[in-house]
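Residue numbers (this note's numbering): 1301 to 1587.
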(Lines of atoms letter the chains of each structure in order from A and count residues from 1; the text may use other names and numbers.)
(Lines give C-alpha, C1' and ligand atoms only; values in the text may rest on other atoms or scores of the structure.)
Protein backbone atom coordinates (compact mmCIF):
# COMPACT_ATOMS: atom_id res chain seq x y z
CA UNK A 1 0.00 0.00 0.00
CA UNK A 2 1.46 3.40 -1.00
CA UNK A 3 2.03 6.43 1.19
CA UNK A 4 -0.87 8.63 -0.08
CA UNK A 5 -3.36 5.84 0.60
CA UNK A 6 -2.05 5.27 4.11
CA UNK A 7 -2.11 9.02 4.75
CA UNK A 8 -5.75 9.28 3.66
CA UNK A 9 -6.77 6.32 5.82
CA UNK A 10 -4.86 7.78 8.76
CA UNK A 11 -6.54 11.15 8.28
CA UNK A 12 -9.98 9.53 8.55
CA UNK A 13 -9.00 7.62 11.69
CA UNK A 14 -7.38 10.75 13.14
CA UNK A 15 -10.57 12.76 12.64
CA UNK A 16 -12.55 10.15 14.59
CA UNK A 17 -10.00 10.02 17.41
CA UNK A 18 -10.05 13.84 17.46
CA UNK A 19 -13.77 13.99 18.18
CA UNK A 20 -13.50 11.60 21.11
CA UNK A 21 -10.23 13.09 22.37
CA UNK A 22 -11.77 16.57 22.55
CA UNK A 23 -14.50 15.23 24.84
CA UNK A 24 -11.86 13.50 26.96
CA UNK A 25 -9.69 16.60 27.30
CA UNK A 26 -12.70 18.81 28.12
CA UNK A 27 -13.75 16.57 31.01
CA UNK A 28 -10.21 16.70 32.35
CA UNK A 29 -9.74 20.42 31.78
CA UNK A 30 -12.98 21.36 33.55
CA UNK A 31 -13.64 18.46 35.95
CA UNK A 32 -10.05 17.25 36.47
CA UNK A 33 -11.33 13.77 35.61
CA UNK A 34 -9.25 11.20 33.71
CA UNK A 35 -12.24 9.25 32.44
CA UNK A 36 -11.23 5.73 31.40
CA UNK A 37 -14.89 5.01 30.62
CA UNK A 38 -14.76 7.49 27.74
CA UNK A 39 -14.00 4.80 25.17
CA UNK A 40 -16.94 2.69 26.32
CA UNK A 41 -19.27 5.68 26.08
CA UNK A 42 -17.97 5.89 22.51
CA UNK A 43 -18.99 2.26 22.01
CA UNK A 44 -22.40 2.96 23.55
CA UNK A 45 -22.97 5.80 21.09
CA UNK A 46 -22.07 3.51 18.19
CA UNK A 47 -24.45 0.79 19.41
CA UNK A 48 -27.33 3.21 19.94
CA UNK A 49 -26.75 4.55 16.42
CA UNK A 50 -26.75 1.01 15.04
CA UNK A 51 -29.91 0.13 17.01
CA UNK A 52 -31.89 3.06 15.59
CA UNK A 53 -30.50 2.46 12.09
CA UNK A 54 -31.55 -1.22 12.27
CA UNK A 55 -35.19 -0.06 12.28
CA UNK A 56 -34.68 1.55 8.87
CA UNK A 57 -33.95 5.07 10.14
CA UNK A 58 -31.53 7.22 8.15
CA UNK A 59 -27.96 6.88 9.46
CA UNK A 60 -27.47 10.60 10.11
CA UNK A 61 -30.71 10.80 12.11
CA UNK A 62 -29.64 7.63 13.91
CA UNK A 63 -26.38 9.38 14.88
CA UNK A 64 -28.37 12.24 16.42
CA UNK A 65 -30.46 9.81 18.47
CA UNK A 66 -27.34 7.88 19.45
CA UNK A 67 -25.66 11.10 20.57
CA UNK A 68 -28.72 12.06 22.63
CA UNK A 69 -28.73 8.64 24.31
CA UNK A 70 -25.01 8.92 25.10
CA UNK A 71 -25.49 12.38 26.61
CA UNK A 72 -28.25 11.02 28.83
CA UNK A 73 -26.00 8.15 29.96
CA UNK A 74 -23.18 10.59 30.76
CA UNK A 75 -25.53 12.86 32.72
CA UNK A 76 -26.75 9.87 34.73
CA UNK A 77 -23.13 9.00 35.54
CA UNK A 78 -22.54 12.64 36.51
CA UNK A 79 -25.50 12.60 38.88
CA UNK A 80 -24.83 9.21 40.46
CA UNK A 81 -21.02 9.10 40.46
CA UNK A 82 -19.04 12.21 39.61
CA UNK A 83 -21.01 14.88 41.50
CA UNK A 84 -21.02 12.90 44.78
CA UNK A 85 -17.29 12.28 44.34
CA UNK A 86 -16.62 16.00 43.77
CA UNK A 87 -18.66 16.86 46.84
CA UNK A 88 -16.51 14.44 48.85
CA UNK A 89 -13.36 15.86 47.25
CA UNK A 90 -12.26 12.43 46.05
CA UNK A 91 -8.66 12.22 44.90
CA UNK A 92 -7.59 11.47 41.33
CA UNK A 93 -6.73 7.83 42.07
CA UNK A 94 -10.24 7.17 43.39
CA UNK A 95 -11.78 8.81 40.31
CA UNK A 96 -9.63 6.72 37.96
CA UNK A 97 -10.65 3.49 39.72
CA UNK A 98 -14.32 4.48 39.53
CA UNK A 99 -14.02 5.32 35.83
CA UNK A 100 -12.46 1.90 35.12
CA UNK A 101 -15.34 0.25 36.99
CA UNK A 102 -17.83 2.31 34.97
CA UNK A 103 -16.08 1.25 31.75
CA UNK A 104 -16.44 -2.43 32.70
CA UNK A 105 -20.10 -1.88 33.62
CA UNK A 106 -20.92 -0.27 30.25
CA UNK A 107 -18.99 -2.86 28.24
CA UNK A 108 -20.57 -5.82 29.98
CA UNK A 109 -23.99 -4.19 29.73
CA UNK A 110 -23.51 -3.98 25.96
CA UNK A 111 -22.45 -7.63 25.88
CA UNK A 112 -25.49 -8.62 27.94
CA UNK A 113 -27.97 -6.74 25.77
CA UNK A 114 -26.53 -7.15 22.26
CA UNK A 115 -24.02 -9.99 22.57
CA UNK A 116 -20.44 -10.15 21.43
CA UNK A 117 -20.97 -10.35 17.65
CA UNK A 118 -20.11 -7.49 15.33
CA UNK A 119 -23.12 -5.48 14.19
CA UNK A 120 -23.30 -3.73 10.83
CA UNK A 121 -25.19 -0.62 9.79
CA UNK A 122 -28.02 -1.07 7.32
CA UNK A 123 -26.23 0.63 4.44
CA UNK A 124 -25.52 -0.28 0.82
CA UNK A 125 -21.95 -1.17 -0.09
CA UNK A 126 -20.33 1.79 -1.85
CA UNK A 127 -17.38 1.33 -4.17
CA UNK A 128 -14.28 3.47 -3.63
CA UNK A 129 -13.31 6.07 -6.23
CA UNK A 130 -9.76 6.21 -7.59
CA UNK A 131 -8.41 9.77 -7.25
CA UNK A 132 -4.77 10.13 -8.28
CA UNK A 133 -4.05 6.53 -7.35
CA UNK A 134 -5.72 6.83 -3.92
CA UNK A 135 -8.81 4.70 -3.28
CA UNK A 136 -11.16 7.26 -1.74
CA UNK A 137 -14.04 5.50 0.00
CA UNK A 138 -17.15 7.66 0.30
CA UNK A 139 -17.68 6.73 3.95
CA UNK A 140 -14.17 7.92 4.91
CA UNK A 141 -14.68 11.13 2.92
CA UNK A 142 -17.96 11.73 4.77
CA UNK A 143 -16.23 11.06 8.10
CA UNK A 144 -13.51 13.63 7.35
CA UNK A 145 -16.05 16.22 6.14
CA UNK A 146 -18.40 15.76 9.10
CA UNK A 147 -15.50 15.88 11.56
CA UNK A 148 -14.33 19.20 10.11
CA UNK A 149 -17.85 20.66 10.40
CA UNK A 150 -18.21 19.48 14.01
CA UNK A 151 -14.77 20.80 15.00
CA UNK A 152 -15.54 24.20 13.44
CA UNK A 153 -18.83 24.23 15.37
CA UNK A 154 -16.95 23.44 18.57
CA UNK A 155 -14.51 26.29 17.89
CA UNK A 156 -17.41 28.72 17.45
CA UNK A 157 -19.03 27.49 20.67
CA UNK A 158 -15.85 27.82 22.75
CA UNK A 159 -14.77 31.19 21.38
CA UNK A 160 -17.98 33.06 20.58
CA UNK A 161 -20.70 31.90 22.98
CA UNK A 162 -21.36 32.70 26.62
CA UNK A 163 -21.16 29.07 27.71
CA UNK A 164 -17.87 28.63 25.83
CA UNK A 165 -16.33 31.59 27.62
CA UNK A 166 -17.63 30.24 30.94
CA UNK A 167 -16.07 26.84 30.20
CA UNK A 168 -12.72 28.47 29.50
CA UNK A 169 -12.96 30.42 32.75
CA UNK A 170 -13.76 27.30 34.79
CA UNK A 171 -10.89 25.48 33.10
CA UNK A 172 -8.48 28.25 34.18
CA UNK A 173 -9.71 28.42 37.80
CA UNK A 174 -12.92 26.94 39.14
CA UNK A 175 -12.76 28.98 42.36
CA UNK A 176 -12.20 32.26 40.54
CA UNK A 177 -15.04 31.38 38.16
CA UNK A 178 -17.40 30.92 41.12
CA UNK A 179 -16.34 34.25 42.61
CA UNK A 180 -17.14 36.04 39.35
CA UNK A 181 -20.67 34.60 39.37
CA UNK A 182 -20.33 31.79 36.84
CA UNK A 183 -22.73 28.89 37.45
CA UNK A 184 -20.16 26.09 37.62
CA UNK A 185 -22.76 23.29 37.78
CA UNK A 186 -24.31 24.58 34.57
CA UNK A 187 -20.86 24.55 32.94
CA UNK A 188 -20.35 20.96 34.14
CA UNK A 189 -23.62 19.87 32.53
CA UNK A 190 -22.68 21.56 29.25
CA UNK A 191 -19.30 19.85 29.38
CA UNK A 192 -20.97 16.43 29.54
CA UNK A 193 -23.39 17.35 26.75
CA UNK A 194 -20.57 18.41 24.42
CA UNK A 195 -18.41 15.42 25.38
CA UNK A 196 -21.35 13.04 24.87
CA UNK A 197 -22.20 14.38 21.42
CA UNK A 198 -18.60 14.33 20.18
CA UNK A 199 -17.91 10.88 21.65
CA UNK A 200 -21.06 9.32 20.21
CA UNK A 201 -20.38 10.78 16.77
CA UNK A 202 -16.82 9.48 16.91
CA UNK A 203 -18.03 5.99 17.83
CA UNK A 204 -20.70 5.93 15.14
CA UNK A 205 -18.26 7.09 12.45
CA UNK A 206 -15.63 4.58 13.55
CA UNK A 207 -18.24 1.86 13.06
CA UNK A 208 -18.96 3.31 9.64
CA UNK A 209 -15.39 3.08 8.33
CA UNK A 210 -14.57 -0.27 9.98
CA UNK A 211 -17.67 -2.02 8.68
CA UNK A 212 -19.48 -2.48 11.99
CA UNK A 213 -19.57 -1.96 15.74
CA UNK A 214 -18.28 -4.35 18.42
CA UNK A 215 -18.34 -4.29 22.24
CA UNK A 216 -14.63 -3.64 22.76
CA UNK A 217 -14.06 -1.04 20.04
CA UNK A 218 -13.93 1.88 22.47
CA UNK A 219 -11.55 0.10 24.83
CA UNK A 220 -9.00 -0.29 22.04
CA UNK A 221 -9.37 3.39 21.14
CA UNK A 222 -8.83 4.69 24.67
CA UNK A 223 -5.03 4.48 24.30
CA UNK A 224 -4.91 6.60 21.09
CA UNK A 225 -7.32 9.05 22.76
CA UNK A 226 -5.16 9.50 25.84
CA UNK A 227 -2.05 9.67 23.65
CA UNK A 228 -3.69 12.45 21.60
CA UNK A 229 -4.66 14.40 24.73
CA UNK A 230 -1.16 14.11 26.22
CA UNK A 231 0.51 14.93 22.91
CA UNK A 232 -1.59 18.04 22.37
CA UNK A 233 -1.48 19.27 25.98
CA UNK A 234 -3.92 18.04 28.62
CA UNK A 235 -6.98 20.29 28.78
CA UNK A 236 -6.43 21.89 25.38
CA UNK A 237 -9.13 20.85 22.85
CA UNK A 238 -7.21 22.24 19.89
CA UNK A 239 -4.11 20.39 21.00
CA UNK A 240 -6.18 17.20 21.28
CA UNK A 241 -7.31 17.63 17.67
CA UNK A 242 -3.75 18.14 16.44
CA UNK A 243 -2.52 15.24 18.55
CA UNK A 244 -5.26 12.95 17.24
CA UNK A 245 -4.41 13.72 13.62
CA UNK A 246 -0.73 13.01 14.31
CA UNK A 247 -1.58 9.75 16.10
CA UNK A 248 -4.06 8.57 13.45
CA UNK A 249 -1.77 9.28 10.50
CA UNK A 250 1.32 7.88 12.23
CA UNK A 251 -0.47 4.67 13.18
CA UNK A 252 -1.61 3.99 9.63
CA UNK A 253 1.74 4.96 8.10
CA UNK A 254 3.46 2.46 10.40
CA UNK A 255 1.45 -0.52 9.09
CA UNK A 256 3.94 -1.52 6.33
CA UNK A 257 6.74 -1.58 8.93
CA UNK A 258 5.14 -3.27 11.94
CA UNK A 259 1.83 -4.67 10.64
CA UNK A 260 -1.73 -3.72 11.55
CA UNK A 261 -1.76 -5.87 14.70
CA UNK A 262 0.87 -3.68 16.37
CA UNK A 263 -0.04 -0.20 15.16
CA UNK A 264 -1.63 0.68 18.52
CA UNK A 265 1.86 0.39 19.95
CA UNK A 266 2.70 3.56 18.02
CA UNK A 267 0.27 5.49 20.25
CA UNK A 268 1.93 4.09 23.36
CA UNK A 269 5.40 4.92 22.04
CA UNK A 270 4.45 8.51 21.18
CA UNK A 271 2.75 8.97 24.55
CA UNK A 272 5.82 7.73 26.46
CA UNK A 273 8.13 9.84 24.31
CA UNK A 274 6.11 13.01 24.90
CA UNK A 275 5.87 12.35 28.65
CA UNK A 276 9.64 11.92 28.74
CA UNK A 277 10.64 14.86 26.54
CA UNK A 278 7.80 17.37 26.97
CA UNK A 279 5.30 16.39 29.71
CA UNK A 280 3.19 19.52 29.13
CA UNK A 281 2.49 18.44 25.54
CA UNK A 282 3.04 20.30 22.29
CA UNK A 283 0.66 23.11 23.24
CA UNK A 284 -0.27 24.89 26.44
CA UNK A 285 -2.80 22.78 28.29
CA UNK A 286 -5.66 25.29 28.43
CA UNK A 287 -8.55 26.29 26.22
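Ideal placement from N, C-alpha and C gives every residue a C-beta, glycine not left out.
Predicted model only: the values in this text are computed from it and were never measured.
Taking every protein chain shown into account, the CB of residue 1547 has 16 or more other CB atoms within 10 angstroms, so this residue is buried. DSSP, reduced to helix, strand and coil, places residue 1566 within a helical segment of the structure shown.
For residue 1551, the uninterrupted alpha helix (DSSP H) run begins and ends at 1537 to 1553, by DSSP. Fully enclosed beta strand (DSSP E) runs of no fewer than 3 residues are not present anywhere in the segment 1385 to 1423. Annotation: residue 1435 is outside any alpha helix (DSSP H); the continuous beta strand (DSSP E) that includes it extends over 1434 to 1436. Straight across, the Cα-Cα distance linking residue 1389 with residue 1377 is about 17 Å. Between the alpha carbons of residue 1551 and residue 1383 lies a gap of roughly 36 Å. The distance from the Cβ of residue 1320 to that of residue 1342 is about 5 Å, consistent with a contact at the 8 Å cut-off. Pairwise C-beta distances place the segment 1432 to 1441 in contact with the segment 1302 to 1317, as three or more of them are shorter than 8 Å.
Within the model, the alpha-carbon separation for residue 1475 versus residue 1386 is close to 14 Å. Sequence-distant Cβ neighbours of residue 1582 in its own chain, meaning closer than 8 Å and more than five residues away, are 1531, 1532, 1533, 1539, 1542, 1543 and 1574.
Two segments are said to touch when three or more pairs of C-beta atoms, one from each, lie closer than 8 Å; by this definition the segment 1389 to 1398 does not touch the segment 1414 to 1422.
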